[in-house]
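Its first residue numbered 1, the sequence shown is counted upward by one per residue in UniProt numbering. Glycine included, C-beta positions come from ideal geometry on N, C-alpha and C. These notes are about the structure you will find just below.
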Amino acid sequence: MTGPMAKGEIVYKIYRALTYGLSPLLHLHLHWRKLRGLEHPIRWRERLGRPSLRRPSSGPLLWFHAVSLGEGMAAIPVIKFCSQRRPDVHILMTTTTLSAFEVLKDRLPANVIYQFAPIDTPAAMDAFLGYWKPNWIVIMESELWPNLIIGASKCGIGLALLNARLSAKSFRHWSRPVLFPLISLLLSKFSLIAPLSSVQAIHFQLLQAPPFSIKFSGDLKYAVDEYEQKDTRHIEYLQKQLSQKQVWMAASIHRGEEEIIMGVHNVLVQTHPDIVTIIVPRHPQHGQEIAEELQKGGQNVALRSQHEELIPGISIYLVDTLGI
1 MTGPMAKGEI
11 VYKIYRALTY
21 GLSPLLHLHL
31 HWRKLRGLEH
41 PIRWRERLGR
51 PSLRRPSSGP
61 LLWFHAVSLG
71 EGMAAIPVIK
81 FCSQRRPDVH
91 ILMTTTTLSA
101 FEVLKDRLPA
111 NVIYQFAPID
121 TPAAMDAFLG
131 YWKPNWIVIM
141 ESELWPNLII
151 GASKCGIGLA
161 LLNARLSAKS
171 FRHWSRPVLF
181 PLISLLLSKF
191 SLIAPLSSVQ
201 AIHFQLLQAP
211 PFSIKFSGDL
221 KYAVDEYEQK
231 DTRHIEYLQK
241 QLSQKQVWMA
251 ASIHRGEEEI
261 IMGVHNVLVQ
271 THPDIVTIIV
281 PRHPQHGQEI
291 AEELQKGGQN
301 VALRSQHEEL
311 IPGISIYLVD
321 TLGI
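Listed below in structure tokens is the structure:
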């Protein structure tokens with residue numbers, strides 16, 4: 001092996017050694033996340049490659065992997081299609097975030113096995129691949145983890161990248177001279193790369209993805225099933241409550257940023273007395289704590305999880321649940 005691929009192998013060996021050496025710290029980090037409520041209190045060990053369910057004893061297995069809720073939702077139509085066309089194939093779905101788990105576990109077909117994805121350390125990934133023994137792996141969007149991809153390739157497992165995309169930051173990151181050989185090596189392991197746009201297809205071509213593997217498909221997020229009527233009624237009722245008010249939203253905020261949001265809210269109220277500020281925490285489990293702190297500061301808050309209405313005097317609506 002010569003040229004970029006040989007350099008990519010060298011960079012990968014360095015990455016594998018680093019992730020092996022850092023494994024104890026990554027395990028401690030998982031414990032810390034569990035204590036903060038960011039990992040599942042019981043099933044968090046799945047992130048170390050330790051399964052909580054049995055692999056079906058016979059038949060091929062197709063593994064879908066998505067990092068979080070958006071990517072997971074985009075995978076559902078494909079999972080349903082595969083399940084209908086090939087009922088003999090077992091399907092495994094993994095995500096990394098607790099918020100994705102809370103929503104997707106109720107939306108996936110009943111025959112789909114759901115696990116949390118392992119962290120990309122040699123021990124965790126090798127244990128996961130060795131236990132589940134997938135025949136094919138479908139990765140959603142941009143989850144290009146070296147130990148996963150190289151490990152799967154060495155085991156002869158087919159790889160596909162669906163709804164493939166790279167942010168401008170990620171594209172610049174992978175284009176650096178040190179990392180370019182590694183990304184070229186990783187992309188060479190895929191039999192199928194389906195970018196969500198022509199621009200994204202060009203990005204993957206510039207990173208030396210094999211031309212024969214790139215097949216444009218469009219954005220799968222537009223293929224997600226329509227929500228049930230009983231679900232849309234909740235959003236319609238909220239729209240009715242907000243119809244005569246001015247609204248601004250602070251979405252996907254991190255813990256502590258609510259103080260900044262309230263500073264902006266207090267300024268806006270002076271010129272727009274009827275304004276409603278909608279706060280959407282990135283981690284919904286922090287919603288109750290945020291609401292209590294805002295109430296201590298004299299704000300009247302309506303919590304979505306409690307189905308509280310926006311009655312006169314309430315100008316903060318806190319979204320502490322997922323889905324519609």
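Problem - Straight-line Cα distance separating TRP145 from GLN208 - result: Between the C-alpha atoms of GLN208 and TRP145 there is a straight-line separation of about 17 Å.
Handout entry: Contained alpha helix (DSSP H) runs [length at least 4] in the segment 262-302, N- to C-terminal order
Key = Runs found: 287-296.
Handout entry: Contact between the segment 88-103 and the segment 115-130 (3+ Cβ pairs under 8 Å)
Key = Counting Cβ pairs under 8 Å, three or more are found: they touch.
Problem - Pairwise C-alpha distance: PHE64 and ARG55 - result: In this structure, the straight-line span from the alpha carbon of ARG55 to that of PHE64 is close to 15 Å.
Problem - Supposed close pair ILE261, ILE279 - CB separation, criterion 8 Å - result: With a Cβ gap of about 6 Å, ILE261 and ILE279 count as contacting.
Exercise for the section: Could you give the DSSP three-state label for PHE180: helix, strand or coil? Expected result: Looking at PHE180 - three-state DSSP - the assignment turns out to be helix.
Handout entry: Opposing strand residues paired with ALA251 [DSSP bridges]
Key = Residue pairing from DSSP places ALA251 in a beta bridge opposite VAL280.
Problem - Through-space distance from SER83 to GLY37, alpha-carbon basis - result: A direct Cα-Cα distance of roughly 33 Å separates GLY37 from SER83.
Practice task
For PHE204, count neighbouring C-beta atoms within 10 Å of its own C-beta (all shown protein chains included) and say buried if the count is 16 or more, exposed if not.
Solution key: PHE204 should be labelled buried.
Exercise for the section: State buried or exposed for HIS254, treating a residue as buried only when at least 16 other CB atoms are found within 10 Å of its CB. Expected result: Per the 10 Å Cβ criterion, exposed.
Handout entry: Spatial neighbours of ALA152 in its chain, beta-carbon cut-off 7 Å, leaving aside the 5 residues before and after
Key = For ALA152, the CB contacts under 7 Å within the same chain, skipping 5 residues up- and downstream, are LEU129, ILE137, LEU159 in chain order.
Problem - Proximity to PRO60 [Cα-Cα], best of ARG86, ARG45, ALA168, LEU69 - result: Here the closest residue by C-alpha is ARG86.
Problem - Residues bridged to HIS90 (per DSSP) - result: DSSP lists LEU61 as partners of HIS90.
Exercise for the section: Pick helix, strand or coil for ALA164, following the three-state DSSP scheme. Expected result: DSSP places ALA164 in strand when its eight states are reduced to three.
Exercise for the section: Spell out the partners DSSP gives PRO122 in its beta bridges. Expected result: Answer is none; PRO122 lacks a bridge partner.
Exercise for the section: Hey, could you find the ends of the beta strand (DSSP E) residue 326 is sitting in? Expected result: The first residue shown for the chain is 1 and the last is 324, placing residue 326 beyond what the model contains.
Handout entry: Coarse secondary structure for PHE190, derived from DSSP in three states
Key = Three-state DSSP puts PHE190 in coil, outside helix and strand.
Exercise for the section: Can you tell me which of the three DSSP states PRO195 falls into? Expected result: Strand.
Handout entry: Residues near SER305 by beta carbon distance below 6 Å, same chain, minus five either side
Key = Cβ within range, chain order: ASP320, THR321.
Practice task
Mind the definition here: the segment 16-36 touches the segment 102-113 only if three or more C-beta pairs lie below 8 Å; say whether that holds.
Solution key: Too few Cβ pairs lie closer than 8 Å, so no.
Problem - Alpha carbon of PRO284 to alpha carbon of GLN246, nearest angstrom - result: When only Cα atoms are considered, PRO284 and GLN246 end up about 24 Å apart.
Problem - Residue range of the beta strand (DSSP E) that includes VAL138 - result: Its beta strand (DSSP E) spans residues 136-140.
Problem - Local conformation of PHE171 per DSSP, three classes - result: DSSP places PHE171 in helix when its eight states are reduced to three.
Exercise for the section: Would you mind stating whether VAL301 and LEU310 have Cβ atoms separated by less than 8 Å? Expected result: No, the pair does not count as a contact, with Cβ atoms beyond the cut-off.
Exercise for the section: Mark PRO273 as exposed unless 16 or more other C-beta atoms lie within 10 angstroms of its C-beta, in which case mark it buried. Expected result: Only exposed fits PRO273, as fewer than 16 other CB atoms lie within 10 angstroms of its CB.
Problem - Spatial distance of PHE180 from ILE42 (CA atoms) - result: Taking the straight line joining both Cα atoms gives about 39 Å.
Practice task
Could you tell me the boundaries of the beta strand (DSSP E) in which PHE116 lies?
Solution key: Per DSSP, PHE116 is one residue of the beta strand (DSSP E) stretching across 113-116.
Problem - Residue from LEU148, THR121, ASP126, SER170 with nearest C-alpha to residue 343 - result: An answer regarding residue 343 cannot be provided, because it is not within the stretch 1 to 324 covered by the chain.
Problem - Length of the line joining the Cα atoms of ALA124 and ILE149 - result: ALA124 and ILE149 have their C-alpha atoms roughly 13 Å apart.
Exercise for the section: Would you give the residue range spanned by the alpha helix (DSSP H) that VAL32 belongs to? Expected result: Checking the displayed sequence, the identity of residue 32 turns out to be Trp instead of Val. Here the alpha helix (DSSP H) through TRP32 covers 23-35.
Problem - Close-in-space but distant-in-sequence residues of the same chain around PRO51 (CB under 6 Å, 5 per side omitted) - result: If we look at PRO51 and ignore the five residues flanking it on each side, its Cβ neighbours are TYR131.
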